Ligand code: HEM
């Protein structure tokens, strides 16, 4: 009996994996049904649904990048304090001091890559007409995921607190000032008054809500940090679960009828 | 312009040496594949020769003096693509290019043609790198993804079109699409699980390489007092920032993005065409296909590329090899429609009352948004209107009209310096 065999026959191994090694047809089916992670997939699938030239694997790649971002992001959080006093220095030290210096690169390039792959995934889904019935709703879920991916990237852009960061966020959030009705420079804001007092000022408009201040400041850093590390990832994770569930329930990867 | 800078020359020479070697390997790989797998010896020889050409380029680059585009050609491109006229030529030119690619797709998807185009564009990129202004923009760490995006989109558009052309040919002959041939079922373990594993490993390798060779940027600490020029939003929002030139912030930053998101979500409910579900095709869904491509490739991706590479200080438009000079002054004399109408056409002064002043723009906008749809419904979109019903038709046509308003406004700005069709600054309402 080889070593592999011994390990696979041990009580410990068997307590974790509830099935024999997937070496024959029967056990290849069993593994898909009994393993928590694998049961996301069906047991068998049309050949065309797994052809790389059909799906480009772009949804899968996007998901993988989301996982990479989660892991590298958690590691970065160990070293980073979201205050204007520390943020920049922590990022700087990350490269020089810690042995995990490359995490920042992985996290940043992974984020760029995720924006690209999510677009490519949408592109593929459109070009194969996979949004057509019965997959309309999953396309809608996808669009929300796309927006959340962009917001994840956008909120993260501020965190290094360098010139690139605050000015990109300033440019990006200036527009909120002009939200119709709710921005203090937007059309219709003068309509919202209470007893002659303007409700929408630069201390209460949409931009203020976004930034937590009248300009990109300490409060903004905190707000974006919480959004970036907690709120948006949780929303993405929830929607991803729905997205994957619906891929299965809508009949698996699309294909010609 | 720039004087001789040894550090820059060295960086470019080193980069190009490796870059051309990579291209040589790419072509040698293609040659090997053609020869071994497809037994097309003649093609293999051609690409092998191309690979050797790249080896020569690599050697020259490593020698320290990489070849660049001829000075005259650079100057020519700079003069073509500069200022307002440059923006017109770039945008309309890329649109014309997309139309040509689409119209003659059967020719362009041929692997030989596509591979030639790929080689030429990679060569052009390499030859351009010796220009310092070009290098400084393209090799900026945060801009690398945009170059990657351009090539990835090129590749995947080719792949999808290649399959669509094949399928369309088959459908014409009464055959099912190629995807149908693969409807036999296979087990997910091992076929899919292993594919996924390999994808993950490959991707991890790419990310690691990227992270090792390109450092994440960190500029000076944030400083409110020092506004960089240009101040750019993150690259994926540059399309929106570009819209700010033509629209007020409440439109470019709030209303239009909302329309984009809602419009994307609405696609499955608007597109009533049952065909083309689950396989690549163009013929069977030409209208949906072309509208999506205008929105995605032209109005989203092209604007991002424009915003990243060609928009410099003061959001001026610069040629690809033109140094970004913050003191370059472009005389911009934008005129509102009301001024055109009252002053230039009627020879009067602009009236006081808002409605009296702006009536022409208001009428035009209302006609565009509310008169055009029924006219179209009665004429070219007759079939759509009948099949879709009133509400769905209206939603579709509004989304399309709003989308097309952007290029219309762009062209009007560049050609006749039109600022706003309706300008009511009193109410923060400019359009
Ligand atoms: C965080 C972002 C996203 C992730 C991780 C994700 C993941 C996935 C995965 C793994 C699949 C399985 C098939 C494949 O890999 O292509 C899939 C399918 C699908 N996705 Fe996404 N997706 C995302 C965003 C989107 C977006 C932006 C859209 C569209 C706007 C979209 C629409 C769809 C649809 C309609 C399907 C079913 C396709 C079919 O059956 O062929 N998804 N997604």
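Chains as they are written, first to last, in the numbering used here: chain Y, 1 to 257; chain G, 258 to 688. Backbone N, C-alpha and C define an ideal beta-carbon position, used for all residues, glycine too. Here the structure is a predicted model, which means the values were calculated and not measured.
Candidates 439/G, 650/G, 428/G: which alpha carbon is nearest residue 541/G's? The residue with the shortest Cα to Cα distance from residue 541/G is 428/G.
I need the boundaries of the beta strand (DSSP E) containing residue 676/G, first residue and last residue. First-last for residue 676/G: undefined, no H or E at that position.
So residue 249/Y is in the alpha helix (DSSP H); what residue range does that whole segment cover? 232–249
Name, going along the chain, the residues of the segment 340–370 of chain G whose beta-carbon falls closer than 8 Å to a beta-carbon of chain Y. none
Every unbroken alpha helix (DSSP H) inside the segment 74–108 of chain Y [4 residues or more]: 87–96
Ignore the nearest five residues each way along the sequence and tell me which others in residue 239/Y's own chain have a CB closer than 8 Å to its CB. In its chain, beyond the 5 residues on either side, 141, 144, 145, 148 have a beta carbon closer than 8 Å to the beta carbon of residue 239/Y.
Under three-state DSSP, which class holds residue 368/G? helix
Express the C-alpha separation of residue 660/G and residue 512/G in angstroms, rounding to a whole number. 12 Å
Neighbourhood of residue 70/Y by C-beta, 8 Å cutoff - its chain only, sequence neighbours within 5 removed: 233
Would the C-beta of residue 254/Y count as close to ligand 1, meaning under 7 Å from any of its heavy atoms? yes
Output yes or no for whether 8 Å exceeds the beta carbon distance between residue 492/G and residue 418/G. Not in contact: residue 492/G and residue 418/G (Cβ atoms no closer than 8 Å).
Check whether chain G comes within 8 Å of residue 77/Y, counting only Cβ atoms and requiring the distance to be less than that. no
Just checking my contact of residue 537/G with residue 383/G at CB under 8 Å: how many whole Å lie between their CB atoms? Between residue 383/G and residue 537/G the Cβ distance is about 32 Å, and since that is not below 8 Å, they are no contact.
Determine which residues share a DSSP beta bridge with residue 251/G and list them. Because chain G is modelled from 258 through 688, residue 251/G falls outside the range shown and cannot be assessed.
Less than 8 Å separating the beta-carbons of residue 386/G and residue 272/G? yes
When you compare only the Cα positions, how much space is there between residue 499/G and residue 594/G? Each residue's Cα considered, the two are about 21 Å apart.
Apply the 10 Å Cβ neighbour rule to residue 673/G and answer buried if 16 or more other Cβ atoms are within range, or exposed otherwise. exposed
Using 8 Å as the threshold, is the C-beta distance between residue 182/Y and residue 169/Y below it? no
Could you check the C-alpha separation between residue 23/Y and residue 256/Y for me, to the nearest Å? 32 Å
With a threshold of 16 other CB atoms inside 10 Å of the CB of residue 628/G, please say whether the residue is buried or exposed. The residue in question, residue 628/G, is exposed, as its Cβ has fewer than 16 Cβ neighbours within 10 Å.
Output, in chain order, the set of chain G residues within a Cβ distance shorter than 9 Å of residue 15/Y. Those within 9 Å of residue 15/Y in chain G number zero; the least Cβ separation is about 21 Å.
Could you tell me if residue 390/G is buried or exposed, where buried requires 16 or more neighbouring beta carbons within 10 angstroms of its beta carbon? buried
Buried versus exposed, by CB contacts within 10 Å (16 or more), residue 353/G: Classification for residue 353/G: exposed.
Counting only beta-carbon atoms, is residue 257/G nearer than 8 Å to chain Y? Outside the displayed span of chain G (258 to 688) sits residue 257/G, for which this structure offers no information.
Skipping 5 residues on each side, what residues in its chain have a beta carbon closer than 8 Å to that of residue 425/G? Scanning its chain for C-beta atoms nearer than 8 Å, with the 5 sequence neighbours on each side dropped, one finds around residue 425/G the residues 538, 539, 540, 541, in chain order.
Rounding to the nearest angstrom, what Cα-Cα distance links residue 285/G and residue 309/G in this structure? 8 Å
If we define contact as Cβ-Cβ less than 8 Å, is residue 679/G a contact residue for chain Y? no
Going along chain G in order, which residues have a C-beta closer than 8 Å to the C-beta of residue 223/Y? Result: empty, since nearest Cβ-Cβ is about 15 Å, beyond 8 Å.
If you run the structure through DSSP and keep just helix, strand and coil, what is residue 637/G? Correct three-state label for residue 637/G: coil.
Start-to-end residues for the alpha helix (DSSP H) that takes in residue 497/G: 495–500
Quick one: does the C-beta of residue 122/Y sit closer than 7 Å to a heavy atom of ligand 1? Residue 122/Y: yes, Cβ under 7 Å from ligand 1.
For the beta strand (DSSP E) containing residue 444/G, name the first residue and the last one. 442–444
Below 9 Å between beta carbons is the criterion; list the residues of the segment 446–465 of chain G that meet it against any residue of chain Y, in chain order. From the segment 446–465 of chain G, only 446, 447, 448, 449, 450, 452, 453, 456, 457, 460, 461, 463, 464, 465 have a Cβ closer than 9 Å to chain Y.
Under 8 Å by beta carbon: chain G residues contacting residue 153/Y: 491, 493
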